[in-house]
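Asker:
Protein chains in written order, with my numbering: chain Y, 339 to 654; chain G, 339 to 654.
Right under this line is the structure:
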């Protein structure tokens, strides 16, 4: 068995874990991201975390085969450079070079969403998938593409911005400034917006009662109301599923993956919700009758996807 | 100098050419496609064409390094299989195996649009581009994607259906049965439809006069009228450019290529038209201020792209 370290660099915290060949986390640890410090300091923290998690896993440094990191933002993985990361205040930082000043070991860095995609493809609901699309429906929409077992990040790591494919020209304004982006319709934030609108327009909807009891409107409101048979909630969810499926159809028509994994809070709504997305997508994919339809599955690694996925590119 | 044969298999005719390392066609020949015959007969015809074009180029068979073929439809290039080609009535034909019964030489087959994409990337307006998107605006929209110097065809050759990305949910009906496909807005056929509508609504438009003189409405009508200062034609073209750009933005956000080549009859409208597409696209690409915008260029190989592109994958 070989061991790797996966590092998930977030704006709030840095997590590191020792991962084995089966994608199992042996030991993990985290520390606060000192986001306002220099990148040298942050890389020093990352090294400290790696060293201590190795010890706590009962391993010597020599027993670690390689280190993989996942970072938010634009990452040029070929050159080991984080080109731009808003959360970390990094601009053109060669994090691999910097890390290897501390520990001379094979090290790679990839975009964190791409890492999660690779983690899910290798060790997720379906194992060892070589061609996969990973979609996180959260505040925005994150996408990751796996082609032939490898991360596809667009040239210089600047691509794979699947949240900003346009599904409705001239439609809703997106946070990126454009109109009609998939993210503006199918993110969890978008669902909240759609829910609020429906509640205002339909004061009799059970959603209003649920939200009042909760003291707030969150992503669970339409799902709970739908289970209680609320017609307005049903409409909200069915429309939301259509938005999700429309973006998926575009991505499937281009990539034709074996699996599409759906992550993010919304994906926890239940199997029926994933099935509903699958049915809607299947109906509209190009050549659906001739070509095989990808399986649509729930992402299962959750918070661990960051660590496991960061390590996945260096696994032999 | 090494020599290759590129074969462009079309529903109407088969073209074969001897191509050198620089992508130059030394000699080309064609024959009618006997589309109703068995695939064995057609492959026999292809072999005959290859043999005779080699002789006419003044070369011996031993001087040919490899043969590359381009076929319409779904092609599984890894296995050398044409999975499905409507025009040729081919279903799961291992054309490579069949061809090598005649001539035992390195042989590959790829989808013809993908071949054209690779031809343009290597030998087109910009040379030796490794990451490129190729878009043909014709009856439909054909797309080809080059990643890291290689054709990306989606798994099992079933992807890269860029014409059927959805740009306007619930919008115009596409020939594929769906609504809102890019093809339904940005193909040459779509431009004709948009032109006719505008002519009917604006009988005073110069377009009506031009069409009457021509005796028909073709793709040049709005362009000619625009040059004569017709406001309706200007609106038609500007809207059409927006449709083209919307799809390009999606593809660029995913692939972030170095170049986007535009082919098909519409691309002959002039440099100003390509520039107009470029400006519109640039304005809407994600992270346009940070990331480098791809060059948008006119495809230049024209009819030869099929032959040169078919040979390109086997060039060393």
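Ideal Cβ positions, reconstructed from N, Cα and C, are used throughout, including at glycine.
Could you tell me the alpha carbon to alpha carbon distance between residue 620(G) and residue 589(Y), rounded to whole angstroms?
Answerer: 22 Å
Asker: Got a sec: which bits of the segment 575 to 603 of chain G sit with their beta carbon under 7 Å from any beta carbon on chain Y, in order along the chain?
Answerer: 584, 587, 588, 591, 592, 593, 594, 595 and 596
Asker: Counting C-beta neighbours from all protein chains within 10 Å, is the total for residue 375(G) 16 or more, i.e. buried, or is it exposed?
Answerer: exposed
Asker: Considering only the beta carbon of each residue, do residue 564(G) and residue 529(G) sit closer than 8 Å?
Answerer: no
Asker: Taking residue 507(Y) as the query, report the chain G residues whose CB atoms sit under 7 Å from its CB, ordered along the chain.
Answerer: 505, 506 and 584
Asker: Starting from residue 443(G), trace the beta strand (DSSP E) both ways and give me its first and last residue.
Answerer: For residue 443(G), there is no enclosing beta strand (DSSP E), as DSSP marks it with neither H nor E.
Asker: Which residues does DSSP list as the beta-bridge partners of residue 370(G)?
Answerer: 351(G)
Asker: What's the call for residue 359(Y), buried or exposed, on a 16-neighbour Cβ count within 10 Å?
Answerer: exposed
Asker: Roughly how many whole angstroms lie between the Cα atoms of residue 459(G) and residue 379(G)?
Answerer: Distance between the alpha carbons of residue 459(G) and residue 379(G): 33 Å.
Asker: Is DSSP giving residue 653(G) helix, strand or coil here?
Answerer: coil
Asker: Tell me which same chain residues have a C-beta within less than 8 Å of the C-beta of residue 438(G), skipping the five on either side of it?
Answerer: 445
Asker: Looking at the C-beta of residue 493(G), does it have a partner C-beta in chain Y at a distance below 8 Å?
Answerer: With 8 Å as the cut-off, residue 493(G) counts as an interface residue toward chain Y.
Asker: Taking the alpha helix (DSSP H) that residue 407(Y) belongs to, which residues open and close that run?
Answerer: DSSP places residue 407(Y) outside any alpha helix (DSSP H); the residue lies instead in the beta strand (DSSP E), whose first and last residues are 402 to 409.
Asker: Take residue 633(Y) as the anchor and find which of 615(Y), 403(Y), 575(Y) and 377(Y) has the nearest alpha-carbon.
Answerer: The candidate whose alpha carbon is nearest that of residue 633(Y) is 615(Y).
Asker: For residue 377(G) versus residue 436(G), is the C-beta spacing smaller than 8 Å?
Answerer: yes
Asker: Give the DSSP-derived three-state secondary structure of residue 480(G) in the structure shown.
Answerer: strand
Asker: Please list the residues of the segment 459 to 470 of chain Y that have a C-beta atom closer than 9 Å to any C-beta atom in chain G, keeping them in chain order.
Answerer: 468 and 469
Asker: Could you name the residues of the same chain whose beta carbon sits closer than 6 Å to that of residue 440(G), not counting the 5 residues immediately before and after it, in chain order?
Answerer: 385
Asker: Since I believe residue 467(Y) is in contact with residue 500(Y) (beta carbons under 8 Å), could you give me their beta-carbon distance rounded to a whole number of angstroms?
Answerer: Going by Cβ atoms, the distance from residue 500(Y) to residue 467(Y) rounds to 17 Å, so no, they are not a contact pair.
Asker: Measuring CB to CB, does residue 557(Y) end up less than 8 Å from residue 526(Y)?
Answerer: yes
Asker: According to DSSP, simplified to helix, strand and coil, what is residue 623(Y)?
Answerer: In this structure, residue 623(Y) counts as coil in the three-state DSSP scheme.
Asker: Taking buried to mean at least 16 other C-beta atoms within 10 Å of its own C-beta, is residue 351(Y) buried or exposed?
Answerer: exposed
Asker: Looking at the unbroken beta strand (DSSP E) that takes in residue 599(G), where does it start and where does it end?
Answerer: DSSP places residue 599(G) inside the beta strand (DSSP E), whose first and last residues are 597 to 601.
Asker: So, with DSSP's three-state summary, where would you put residue 504(Y)?
Answerer: strand
Asker: Residue 308(Y) to residue 520(Y), Cα distance in whole Å?
Answerer: Lying before the first or after the last residue shown, residue 308(Y) is absent from chain Y, which here runs from 339 to 654.
Asker: Between the segment 514 to 526 of chain Y and chain G, which residues of the former have a C-beta closer than 7 Å to a C-beta of the latter?
Answerer: 514 and 516
Asker: Does any residue of chain G bring its CB to less than 8 Å from the CB of residue 622(Y)?
Answerer: yes
Asker: For chain G, find out if any of its Cβ atoms is closer than 8 Å to the Cβ of residue 567(Y); answer yes or no.
Answerer: no
Asker: Whose Cβ in chain G lies nearer than 7 Å to the Cβ of residue 498(Y)?
Answerer: 592
Asker: Quick one: what's residue 589(G) bridged to in DSSP?
Answerer: Answer is none; residue 589(G) lacks a bridge partner.
Asker: Measuring only between beta-carbons, confirm whether residue 480(G) sits less than 8 Å from chain Y.
Answerer: It does not; no Cβ of chain Y falls within 8 Å.
Asker: When the distance is taken between beta carbons, is residue 649(Y) closer than 8 Å to residue 663(Y)?
Answerer: Any answer about residue 663(Y) is impossible in this case: the structure gives chain Y only from 339 up to 654.
Asker: Does the beta carbon of residue 487(G) sit closer than 8 Å to a beta carbon anywhere in chain Y?
Answerer: Among the CB atoms of chain Y, none fall inside 8 Å of the CB of residue 487(G).
Asker: What residues are listed by DSSP as bridge partners for residue 475(Y)?
Answerer: 479(Y)
Asker: Is the CB-CB distance between residue 452(G) and residue 404(G) below 8 Å?
Answerer: no
Asker: Between 617(Y), 596(Y) and 638(Y), which lies nearest to residue 605(Y) when the distance is taken from Cα to Cα?
Answerer: When 617(Y), 596(Y) and 638(Y) are compared, the shortest CA-CA separation from residue 605(Y) is found for 638(Y).
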